[in-house]
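A.B. asks: Handing you a structure now.
2 protein chains.
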Amino acid sequence: MREKVEIAASASQRRAVDRREQILDEAQHLFLRHGLDGVTTRQIAQAVGISQPSLYAHFPNRDAIAVELCIRAFGSLERRLRKVDAAMQGAERLRELCRAYIDFGLEEPAAYRVAFMADIAMDEVSGTHRGLEAGLATFSILRNAYGQVIADPDAAELAAQTVWAGMHGLVSILLTRPEFPFVERSRLISAHLDLLLGQMEP
Amino acid sequence: MREKVEIAASASQRRAVDRREQILDEAQHLFLRHGLDGVTTRQIAQAVGISQPSLYAHFPNRDAIAVELCIRAFGSLERRLRKVDAAMQGAERLRELCRAYIDFGLEEPAAYRVAFMADIAMDEVSGTHRGLEAGLATFSILRNAYGQVIADPDAAELAAQTVWAGMHGLVSILLTRPEFPFVERSRLISAHLDLLLGQMEP
DNA sequence: GCTGATAGCCTATCATTGATAGGTTGACGC
DNA sequence: GCGTCAACCTATCAATGATAGGCTATCAGC
Numbered sequence: 220m221r222e223k224v225e226i227a228a229s230a231s232q233r234r235a236v237d238r239r240e241q242i243l244d245e246a247q248h249l250f251l252r253h254g255l256d257g258v259t260t261r262q263i264a265q266a267v268g269i270s271q272p273s274l275y276a277h278f279p280n281r282d283a284i285a286v287e288l289c290i291r292a293f294g295s296l297e298r299r300l301r302k303v304d305a306a307m308q309g310a311e312r313l314r315e316l317c318r319a320y321i322d323f324g325l326e327e328p329a330a331y332r333v334a335f336m337a338d339i340a341m342d343e344v345s346g347t348h349r350g351l352e353a354g355l356a357t358f359s360i361l362r363n364a365y366g367q368v369i370a371d372p373d374a375a376e377l378a379a380q381t382v383w384a385g386m387h388g389l390v391s392i393l394l395t396r397p398e399f400p401f402v403e404r405s406r407l408i409s410a411h412l413d414l415l416l417g418q419m420e421p
Numbered sequence: 220m221r222e223k224v225e226i227a228a229s230a231s232q233r234r235a236v237d238r239r240e241q242i243l244d245e246a247q248h249l250f251l252r253h254g255l256d257g258v259t260t261r262q263i264a265q266a267v268g269i270s271q272p273s274l275y276a277h278f279p280n281r282d283a284i285a286v287e288l289c290i291r292a293f294g295s296l297e298r299r300l301r302k303v304d305a306a307m308q309g310a311e312r313l314r315e316l317c318r319a320y321i322d323f324g325l326e327e328p329a330a331y332r333v334a335f336m337a338d339i340a341m342d343e344v345s346g347t348h349r350g351l352e353a354g355l356a357t358f359s360i361l362r363n364a365y366g367q368v369i370a371d372p373d374a375a376e377l378a379a380q381t382v383w384a385g386m387h388g389l390v391s392i393l394l395t396r397p398e399f400p401f402v403e404r405s406r407l408i409s410a411h412l413d414l415l416l417g418q419m420e421p
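Residue numbers (our numbering), protein chains in the order written: chain L, 220 to 421; chain H, 220 to 421.
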């Protein structure tokens, strides 16, 4: 009897989870094309094929959807970084990690914005620290890579944060102010990487 | 006669300009306290003491107000930079320019957000390139300072853009993700400046 | 089988937002 | 005086995020 209850519950739960995932899929697709502020709950609902209020059975509010997508975005970045992390060593690894980070931002701008630039209420109640946790997990790849090059953990942490901030600056300003007369992009990226990693290769 | 007409016109125009400035003052004050998205046109109108639709006699839409404040923000940053620029020379000047930039971002976060982080439609019609021009004027201070240290203008431009991006990264991530466990702030800033300016002092 | 509970969804409706339409008023040139 | 016009108002829109309350099909328990 107990077993039956659990099976039923899990089946129902699975359906609910499916629908939730479906909502996130469609939301991600829409965000990708129209940006975080260019998508309404009604558009999401229509894409899923349900009514707009039905979204609120799965998410407490619109921001909660954004937080979920933020976590997905970190997941995408994390995969890119892990691939590089596993394939390389030392200074080269650091440089390629940075390059992978920048590539992620420029190739998946919507994801990047949600992850690092969106004004999501990360300090509120609903599962918001999960976004922070996802970010920390991703960041730890960079920190660990620095840990293998810099002995002092504190210094490695500092270096990783500094370099991360530097990369974020380039990516975010390229995304936010594309009308600025930037130097040719690949040159800018290379120069930026040289600057950020210059300390490593004297 | 002609003179009278002109006087009257300019007086009327002056009144209109005053009201416009008044709107901007109140909007700036409100943006400062509640952020760009936390202020409604009704709040601005109430602060000024006029009806909400009356705002549209002075600005085509809400974004136009934001663009004006963006220009004001650049003005504030520009004053800070010019003060440093006039008082120093060489590598020290570069470092203090960067520090002034970072201080601006941290001390006037609302202004910084409007200037560098807001998703204002900078490519639209209404006086939007004025925001870009203001930004370029401000940036030119940094570029010129680099021009006095790096001979090749192209290289100076590249260096200035790179360093600017690096600073922007630190400021913007501190503003956007304050919940991240950053290293102690003054250490982080110093390390970041060391990194960005390291090339200058071998 | 029947039945009561419940998950999942719907329609109807809110309050708030940015924005528009159209009328009123008061100053000013003639 | 009188037309003109700028500045402003009230009334109202459409769109948006969010809530209230009701319908229905599934399913455990008898």
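Glycine is no exception: its CB is placed at the ideal position from the N, C-alpha and C atoms.
What's the gap between the Cα of residue 240 of chain L and the Cα of residue 298 of chain L?
C.D. replies: Going by the C-alpha atoms only, they are around 20 Å apart.
A.B. asks: Which residue wins for smallest C-alpha separation from residue 392 of chain H, given the options H/291, H/321 and H/363?
C.D. replies: Comparing Cα-Cα distances from residue 392 of chain H to each of H/291, H/321 and H/363, the minimum goes to H/321.
A.B. asks: Answer yes or no: does any C-beta atom of chain H fall closer than 7 Å to that of residue 271 of chain L?
C.D. replies: Judged by the 7 Å Cβ criterion, residue 271 of chain L is not in contact with chain H.
A.B. asks: Beta-carbon within less than 6 Å of residue 491 of chain H's beta-carbon, same chain only, minus the 5 sequence neighbours each way: which residues are those?
C.D. replies: The question about residue 491 of chain H has no answer here: the residues shown for chain H are numbered 220 through 421.
A.B. asks: Can you tell me the Cβ-Cβ gap for residue 413 of chain L and residue 360 of chain L, rounded? I've got them flagged as a contact below 8 Å.
C.D. replies: Contact flag wrong, Cβ pair sits at about 22 Å.
A.B. asks: Just the Cα atoms here: how many angstroms apart are residue 279 of chain L and residue 350 of chain L?
C.D. replies: Each residue's alpha carbon lies about 16 Å from the other.
A.B. asks: Quick one: is residue 253 of chain H buried, meaning 16 or more other Cβ sit within 10 Å of its Cβ, or exposed?
C.D. replies: With fewer than 16 Cβ atoms within 10 Å of its Cβ, residue 253 of chain H is classed as exposed.
A.B. asks: Enumerate in chain order the residues of its own chain whose CB-to-CB distance from residue 324 of chain H is below 6 Å, with the five nearest sequence positions on each side excluded.
C.D. replies: The residues are 331 and 390.
A.B. asks: Using Cβ-Cβ distances below 9 Å, what residues of the segment 394-406 of chain H are close to chain L?
C.D. replies: Correct list: 395, 396, 397, 398, 399, 400, 401, 402 and 406.
A.B. asks: What residue does the alpha helix (DSSP H) around residue 373 of chain H start on, and which one ends it?
C.D. replies: Start and end: 372-395.
A.B. asks: In three-state DSSP terms, what is residue 339 of chain H?
C.D. replies: Residue 339 of chain H: coil per DSSP, three-state reduction.
A.B. asks: What is the DSSP secondary structure of residue 284 of chain H, counted as helix, strand or coil?
C.D. replies: Residue 284 of chain H falls in the helix class under three-state DSSP.
A.B. asks: Compare the Cα-Cα distances from residue 328 of chain L to each of L/244, L/255, L/290 and L/262 and report the closest residue.
C.D. replies: The residue with the shortest Cα to Cα distance from residue 328 of chain L is L/255.
A.B. asks: Quick check: residue 288 of chain H and residue 333 of chain H, are their CB atoms within less than 7 Å of each other?
C.D. replies: Yes, the Cβ-Cβ distance between residue 288 of chain H and residue 333 of chain H is below 7 Å.
A.B. asks: Counting Cβ pairs, one atom from each stretch, are 3 or more of them under 8 Å apart for the segment 361-380 of chain L and the segment 375-385 of chain H?
C.D. replies: Touching, no.
A.B. asks: Determine the closest residue to residue 317 of chain L out of L/399, L/357 and L/291, with distance taken between C-alpha atoms.
C.D. replies: Selected option, being the one with the closest Cα: L/357.
A.B. asks: Let me check understanding here. Comparing Cα to Cα, which of H/410, H/370, H/338 and H/238 lies closest to residue 275 of chain H?
C.D. replies: It is H/238 whose Cα lies nearest to the Cα of residue 275 of chain H.
A.B. asks: Any beta-carbon of chain H closer than 7 Å to the one on residue 253 of chain L?
C.D. replies: Cβ-Cβ to chain H under 7 Å: no for residue 253 of chain L.
A.B. asks: Do you know how far the Cα of residue 293 of chain H is from the Cα of residue 354 of chain H?
C.D. replies: Each residue's Cα considered, the two are about 6 Å apart.
A.B. asks: How would you list, in chain order, the residues of chain L whose beta-carbon sits under 7 Å from the beta-carbon of residue 325 of chain H?
C.D. replies: Simply none; closest approach about 13 Å.
A.B. asks: Which residues in the same chain have their Cβ closer than 6 Å to the Cβ of residue 306 of chain L, if we skip the five residues on either side of it in sequence?
C.D. replies: If we look at residue 306 of chain L and ignore the five residues flanking it on each side, it has no Cβ neighbours.
A.B. asks: Which chain H residues sit within Cβ distance under 9 Å of residue 295 of chain L?
C.D. replies: Chain H residues near residue 295 of chain L: none, gap ~18 Å exceeds 9 Å.
A.B. asks: If contact means a Cβ-Cβ distance below 9 Å, which residues of the segment 277-303 of chain L contact chain H?
C.D. replies: Listed by position, the residues of the segment 277-303 of chain L near chain H (Cβ gap below 9 Å) amount to none.
A.B. asks: Go ahead and label residue 367 of chain L buried or exposed: buried means 16 or more other beta carbons lie within 10 angstroms of its beta carbon, across all protein chains shown.
C.D. replies: Looking at its Cβ environment, which holds fewer than 16 other Cβ atoms inside 10 Å, residue 367 of chain L is exposed.
A.B. asks: Taking only beta-carbon atoms, is residue 408 of chain L less than 7 Å away from chain H?
C.D. replies: Judged by the 7 Å Cβ criterion, residue 408 of chain L is not in contact with chain H.
A.B. asks: Using the C-alpha atoms, what's the distance from residue 338 of chain H back to residue 339 of chain L?
C.D. replies: Distance between the alpha carbons of residue 339 of chain L and residue 338 of chain H: 15 Å.
A.B. asks: Of the residues L/290, L/409, L/271 and L/251, which one's Cα is nearest the Cα of residue 352 of chain L?
C.D. replies: Checked all of L/290, L/409, L/271 and L/251; the closest Cα to residue 352 of chain L is L/290.
A.B. asks: Helix, strand or coil: how does DSSP classify residue 369 of chain H here?
C.D. replies: Coil.
A.B. asks: In this structure, does DSSP put residue 297 of chain H in helix, strand or coil?
C.D. replies: DSSP places residue 297 of chain H in helix when its eight states are reduced to three.
A.B. asks: Give a yes or no on whether 7 Å exceeds the smallest Cβ distance from residue 377 of chain H to chain L.
C.D. replies: So yes, residue 377 of chain H belongs to the interface.
A.B. asks: If you compare alpha carbons, which of H/364, H/395, H/326 and H/408 is closest to residue 296 of chain H?
C.D. replies: Ranking the options by Cα distance to residue 296 of chain H, first place goes to H/326.
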